[in-house]
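Novice: If you read the sequence shown in full-length UniProt numbering, its first letter stands for residue 1, the second for the next number, and so on.
Just so you know, even glycine gets a beta-carbon here, dropped at the ideal spot from N, CA and C.
There's a structure below that I have some questions on.
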Amino acid sequence: MRHGVALYLEKVNVDFDGFRALTDLSLYIDEGELRCIIGPNGAGKTTLMDVITGKTRPTSGTAFFGQHHDLSKMSTEEIAEAGIGRKFQKPTVFEAFSVLENLLLAAPKDKTVRKSLFGKLSGETQANIEASLEMTRLGEFRNKQAGLLSHGQKQWLEIGMLLMQKPHLILLDEPVAGMTDYETELTAELCLELKKNHTLIVVEHDMSFIDRISEKVTVLAAGQVLAEGTLASVQANSDVIEKYLGR
Ligand code: ADP
């Protein structure tokens, strides 16, 4: 895919009532990259995701999505519309509805969605749904009630719902937490498949999963970037061992 900078953060600071949660944080992510963010609890991982999605405004610094979207000046809705999608750790699928209905509810505003019970969906929405079902391997469960899906399937459905918005940059917060080894492997395959057409930022603790999917890892600690590089290189970094791994 085309390469350029997908995300450009420079010297971002975030203060909460005098407490500095992010300090001079710089992060550059290329289009088509899959970056893993790791770090101990309280490192600032969630705050960083909140800055990228507009939930938290930087106190100072620069935050751009692509070349033209100044994240520090955009609302969460504008950022989502510009192409950043986030999946939180806890799935928030609509349990009483089917897989298909969940995808429909996540579709961008399309008059044909409301009429779909009686008529036909627009070709584009229909194509989006099929692409989301295929990507998440939920095609055979399209009519199953979401509340009856396994934990892993709910997580994948939520990724499918994100895909309905056609994001360019996808943020995943601990996507394999609570998953079996088999579900974790399927999620790794899903991430690698998504990487073909998207940029991804994945916050995770599971090192073998990170090793499976990521070329480059950013380690945060105390609101700062402690190290960046391949998983093997950051695991061998003495600062990382001292402040994160060597506990
Ligand atoms: P992580 O996701 O890596 O565990 P967070 O981004 O949640 O870390 O938190 C980073 C630091 O900022 C923590 O010390 C946390 O207590 C603090 N923090 C996060 N959000 C707020 C807030 N809204 N008000 C005050 N402090 C906060």
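Assuming contact is defined by CB atoms lying nearer than 9 Å, are GLU183 and GLY152 in contact in what I supplied?
Specialist: yes
Novice: How many Å lie between THR84 and VAL202 at the Cα?
Specialist: Going by the sequence as given, residue 84 is Ile instead of Thr. The straight-line gap from Cα to Cα measures roughly 13 Å.
Novice: So which residues touch the region around the ligand ADP, with touch meaning a C-beta under 5 Å from any heavy atom?
Specialist: PHE16, ALA21, ASN41, GLY42, ALA43, GLY44, LYS45, THR46, THR47
Novice: Taking the alpha carbon of LYS196 as the point to measure from, which residue in GLU33, PHE141, GLU130, ALA6 has its own alpha carbon closest?
Specialist: Between LYS196 and the set GLU33, PHE141, GLU130, ALA6, the nearest pair of CA atoms involves GLU33.
Novice: Excluding five sequence neighbours on each side, which residues of the same chain lie with their C-beta closer than 7 Å to the C-beta of PHE118?
Specialist: Note that PHE118 scores a pLDDT of 47, beneath 50, so its modelled location is shaky and nothing firm can be said.
Novice: By the three-class DSSP mapping on this structure, what secondary structure does THR59 have?
Specialist: coil
Novice: Count the other C-beta atoms from every protein chain shown that fall within 10 angstroms of the C-beta of ALA63, then say buried if there are 16 or more, exposed otherwise.
Specialist: buried
Novice: Exposed or buried, what is PRO58 when buried is set at 16 or more other beta-carbons lying within 10 Å of its beta-carbon?
Specialist: buried
Novice: Where are the beta strand (DSSP E) runs, 3 residues long or more, that stay fully inside the segment 121-183, in chain order?
Specialist: 169-173
Novice: Within the continuous alpha helix (DSSP H) that includes SER98, where are the two ends?
Specialist: Per DSSP, SER98 belongs to no alpha helix (DSSP H) and is neither H nor E.
Novice: Would you call ALA236 buried or exposed, if buried means 16 or more other Cβ atoms sit within 10 Å of its Cβ?
Specialist: exposed
Novice: Out of VAL12, ILE210, LEU105, which has the shortest C-alpha to C-alpha gap to ASP70?
Specialist: VAL12
Novice: Quick check on the DSSP output: the beta strand (DSSP E) that includes THR199 runs from which residue to which?
Specialist: 199-203
Novice: How many angstroms separate the CA atom of ILE170 from the CA atom of GLU242?
Specialist: 31 Å
Novice: Around the Cβ of LYS55, are there at least 16 other Cβ atoms within 10 angstroms (buried) or fewer (exposed)?
Specialist: exposed
Novice: How is the beta strand (DSSP E) around THR23 delimited, first residue to last?
Specialist: 19-30
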